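Working notes for the structure below.
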């Protein structure tokens with residue numbers, strides 16, 4: 283199953299309302315399970331950089347079937363730095379991306395939000411999926 | 283002046299209605315005058331290829347401030363093929379892209395449609411802007 | 283529905299047998315409906331170039347839900363040249379790519395073959411799916 | 283000498299068996315000494331992200347003729363972070379990549395595995411080469 287356009291539009295509408303409440307101008311991207319774009323919306327006067335960041339967060343959530351920050355391991359002295367978000371396909375291990383699941387908890391897509399702090403973006407993403 | 287997100291959403295809504303009437307599943311992209319994405323929508327079961335084609339048509343319309351097919355010279359024997367749409371930033375000289383103008387005919391963005399023939403896509407783009 | 287790895291391996295095995303019969307060294311790529319790679323095989327001493335060509339043909343078949351050569355319009359004098367296979371995501375409008383359908387004719391993926399002429403590649407792709 | 287396709291398929295088959303035993307869904311990539319892909323397999327429902335990670339690990343092993351984690355220096359306070367895996371060609375300094383050697387310990391290719399923790403991926407890669 284793949285997320286449909288009407289569903290994606292609903293998620294973005296809820297996300298926009300949540301961003302408005304926080305006084306933020308955000309960008310939203312919804313991808314299907316193949317990490318291909320279904321819907322995208324950039325609020326007026328959002329940072330241009332947020333466009334790529336939103337897509338990268340959505341892509342990360344789809345590709346790991348997890349929140350975009352879940353794979354970001356804390357730094358540990360004496361341990362190698364484990365990071366892989368620099369790879370070409372544009373992962374981003376910061377809050378604001380969430381997998382989208384159907385009623386039986388199967389992946390149908392992912393949403394990415396960028397416009398505030400990672401914590402604010404994650405809050406907006408949760409509001410979009412609530 | 284730049285096209286706003288609400289305006290872009292209205293254009294896409296009208297375009298979707300026109301595609302539905304033609305029985306087509308299309309992809310829509312709206313870019314601002316900087317050729318950066320404002321809104322995007324892929325109708326369910328549209329060709330995946332249409333995503334990039336729609337963006338390329340919108341980009342072409344913004345960058346030339348003209349319909350996307352306007353720069354595509356007819357093939358003439360004894361003449362070189364004049365094409366430049368293979369450049370890295372992804373122009374596409376086929377119907378389906380239109381510049382978006384304000385009431386005083388100033389460029390505020392561009393729309394690209396892909397899902398049918400170039401003629402159908404151009405018809406849908408005109409319907410979106412009507 | 284997405285094509286599974288075992289199914290993809292079977293298609294490639296049949297394709298390799300067909301290439302062997304023709305005395306060709308081919309490359310095979312199988313993608314899912316999101317145009318993401320499921321399986322890949324490069325026969326010994328195949329052209330290195332065939333790797334990218336096989337992937338591009340498979341991608342084209344998935345993205346247009348059609349044989350990779352289907353969208354390649356014949357040149358017509360007095361008409362613009364209609365081409366779009368130069369876009370960044372690597373389409374290739376030459377024979378050798380086929381969509382993979384399930385028993386109800388729904389897309390589950392695509393296969394791309396490169397190693398001989400486009401006609402030979404298309405023959406091998408048909409043999410793989412037969 | 284370069285690894286052949288039959289050899290690559292055997293390595294992947296052994297790796298798949300090892301992943302099955304661990305209850306993991308992994309992606310496998312085998313590259314030749316030119317860091318070009320020979321074979322690739324994505325197990326059903328593996329993370330999509332694992333595809334690029336597996337290729338990057340195999341590439342790292344080929345390019346350094348060493349396990350993919352060998353060049354990853356532990357983090358030390360007062361020392362600069364020594365990392366270079368963000369370069370465009372996609373290195374990844376995490377466990378799961380191994381060079382493939384012939385009977386005389388000469389490099390013939392590299393294998394990359396992704397699907398679990400770096401330690402699990404390294405275990406699966408060792409099983410594939412055992």
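Residue numbers (this note's numbering), protein chains in the order written: chain A, 283 to 412; chain B, 283 to 412; chain C, 283 to 412; chain D, 283 to 412.
Virtual Cβ for every residue (Gly too), placed ideally from N, Cα, C.
No experiment lies behind these values; they were computed from the predicted model shown.
With the cut-off set at 8 Å, would you say residue 314 (chain C) and residue 286 (chain A) are in Cβ contact? no
DSSP state of residue 285 (chain D), grouped into three classes? coil
From D:387, D:389, D:377 and D:398, pick the residue whose C-alpha is nearest to that of residue 404 (chain D); which is it? D:377
Between residue 385 (chain C) and chain D, is the shortest Cβ-Cβ distance under 8 Å, so that the two count as touching? no
Pick from B:318, B:306 and B:382 that is closest to residue 332 (chain B), judged by C-alpha positions: B:306
Can you give me the C-alpha to C-alpha distance between residue 409 (chain B) and residue 393 (chain B), rounded to a whole angstrom? 11 Å
Along the stretch 295-320 of chain C, where does the CB come closer than 9 Å to a CB of chain B? Name the residues. 315, 316 and 317
Give a yes or no on whether the C-beta atoms belonging to residue 301 (chain D) and residue 308 (chain D) are separated by under 8 Å. yes
Provide the residue(s) that pair with residue 310 (chain C) in DSSP beta bridges, ordered along the chain. C:323 and C:395
Check each candidate in A:319, A:380 and A:357 and name the one with the smallest Cα separation from residue 342 (chain A). A:380
Following the continuous beta strand (DSSP E) through residue 383 (chain A), name the residue where it begins and the one where it ends. 379-383
In or out: residue 386 (chain C) buried (at least 16 other Cβ within 10 Å) or exposed? exposed
Are the CB atoms of residue 321 (chain C) and residue 290 (chain C) within a distance shorter than 8 Å? yes
Straight-line Cα distance separating residue 397 (chain D) from residue 357 (chain A): 22 Å
Tell me the DSSP secondary structure of residue 356 (chain B) in three-state form. strand
Relative to chain B, which residues along the stretch 328-351 of chain C have a C-beta separation below 8 Å, given in chain order? 342, 344, 345, 346 and 347
Return yes when the Cβ of residue 338 (chain B) is within less than 8 Å of the Cβ of residue 423 (chain B), no when it is not. Residue 423 (chain B) cannot be examined here, being either before or after the span of chain B that is shown, 283 to 412.
Let me know if residue 351 (chain A) comes out buried or exposed under the rule of 16 or more other beta-carbons within 10 Å of its beta-carbon. buried
Output the distance between the C-alpha atoms of residue 284 (chain D) and residue 374 (chain A), rounded to the nearest integer angstrom. 36 Å
Cβ-based neighbour list, residue 326 (chain D), same chain, cut-off 6 Å, excluding 5 preceding and 5 following: none
Using beta carbons (cut-off 8 Å, strictly below), is residue 402 (chain A) in contact with chain D? no
Beta-carbon spacing of residue 406 (chain C), residue 297 (chain C) below 8 Å: yes
DSSP three-state call for residue 335 (chain C): helix, strand or coil? helix
Selected residue, minimal CA-CA separation from residue 391 (chain B), among B:345, B:304 and B:328: B:345
Give the interface partners of residue 366 (chain A) over in chain D, defined as CB-CB distance under 7 Å, in chain order. 335, 374 and 376
Chain B beta carbons: is any one of them nearer than 8 Å to that of residue 283 (chain A)? no
Span of the alpha helix (DSSP H), counted from its first residue to its last, around residue 349 (chain A): Premise fails: residue 349 (chain A) is in no alpha helix (DSSP H) and is neither H nor E.
Could you check the C-alpha separation between residue 400 (chain A) and residue 349 (chain B) for me, to the nearest Å? 40 Å
Which bits of chain C does residue 371 (chain D) rub up against, with CB to CB less than 9 Å? Here the premise fails: no neighbours, minimum Cβ distance about 15 Å.
Span of the alpha helix (DSSP H) holding residue 402 (chain B)? 400-411
With 8 Å as the threshold, decide whether the Cβ of residue 379 (chain C) is near any Cβ in chain D. no
Bridge-paired residues (DSSP) for residue 389 (chain A): A:383
Please work out which residues of its chain come closer than 8 Å, Cβ to Cβ, to residue 304 (chain B), disregarding the five sequence neighbours upstream and downstream, and give them in chain order. 398, 402, 405 and 406
Quick one: does residue 286 (chain A) have its CB under 8 Å from some CB of chain B? yes
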